[in-house]
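In this note's numbering, the protein residues as written are 2 to 180. Written out below as structure tokens is the structure these notes cover.
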Amino acid sequence: MASAFGHAVLAATIGVNFSKKFYGWKFWLLGAICTILPDTDVISFKFGIPYESFWGHRGFSHSLLFAAIVGFVIVLIFYRKHLNSVESIGYFLFFTSCTASHSILDAMTTGGLGVAFFSPWDNTRYFFPWRPIKVSPIGISNFFSEWGKNVLLSEFIWIGLPSLVYISVMRLVKSRLKS
Ligand SMILES: [Zn+2]
């Protein structure tokens, strides 16, 4: 994993692509939750499930199918009244992208096993060829360490700064288009 902070930044980065009519506390909060949701799979370690198994860390919960299921379930539960409108597609795309962004960042980290993007059809664990993000320790107590500090620094450089630049440019483009 990247850290929860590193992942949650992506909700803002993805959200800026959407029109203001989608915005609201539910949109941002659920989006941020989606970006960290796949890592609830670390509970599998407590049950002795091996890292590399289907239910293991970075397994099915990090797949693109899982991201789509999360997107669909959130629309079904929280945006039910939009179900028959075209907006439901926007919401679905947002929450699916937020969840999938988690796996994309994980595949760019320096440690652990890769990500099962195509599970359940292909349980191979994949990494991207370019992996600049320092892998985050698992567990909160391990995070408050030199390792945690290095992770935050690496995420600031490789996730925070690019996101900030992207959000600023997109906001500028949006305001120009409006005026
Ligand atoms: Zn993860």
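We treat Cβ as the ideally placed atom computed from N, Cα and C, and that holds for glycine.
Residue from the options with nearest C-alpha to residue i
i	options	result
S102	L178, K21 and C35	C35
F118	L106, N85 and F144	L106
E53	G161, G115, I78 and F95	G115
W26	F145, P138 and F79	F79
S4	Y167, L173 and S137	S137
V87	H8, N143 and K22	K22
Chain-order list of residues whose beta-carbon lies under 8 angstroms from that of residue i (same chain, five-residue window excluded)
i	result
Y24	G16
F6	L153 and E156
S89	V76, Y80 and H83
G149	S4, S137, P138 and N143
Neighbour flag for residue i against chain D, beta carbons, 8 angstroms
i	result
K150	Within the model displayed, chain D is absent; a lone protein chain is all it includes.
Cβ-Cβ separation, residue j to residue i (assumed contact under 8 angstroms), whole Å
i	j	result
F93	V76	5 angstroms
8 angstroms Cβ cutoff met for residue i and residue j
i	j	result
P133	W159	yes
L178	F96	no
M58	V43	The amino acid occupying residue 58 in the given sequence is His; Met does not appear at that position. Going by C-beta atoms, H58 is nearer than 8 angstroms to V43.
T100	P39	yes
N151	K135	yes
S98	H63	no
G113	F19	no
H83	I37	no
Cutoff 7 angstroms; reference residue i; Cβ partners in own chain excluding five residues on either side
i	result
F61	F55, F67, A117, S120 and P121
Y127	A108, G115, V116 and F118
V10	I160, G161 and S164
V168	At residue 168 the sequence reads Ile, which differs from the Val that was named. Result list for I168: A13, T14 and V17, in chain order.
R172	V17
S45	W56, G57 and H58
P51	G57
F73	F93
Range of the contiguous alpha helix (DSSP H) that encloses residue i
i	result
R177	L162 to K179
F73	L65 to F79
F103	Residue identity differs from the one stated: residue 103 is His in this sequence, not Phe. Counting along the chain, the alpha helix (DSSP H) containing H103 begins and ends at E88 to D107.
G32	W26 to I37
L201	In the structure as shown, the chain begins at 2 and stops at 180. Residue 201 is therefore absent and cannot be evaluated.
G16	A5 to G16
S45	I44 to K47
Close Cβ partners of residue i (< 6 angstroms) along its chain, the five nearest in sequence each way excluded
i	result
T146	Per the sequence presented here, residue 146 reads as Ser, with Thr not at that position. None.
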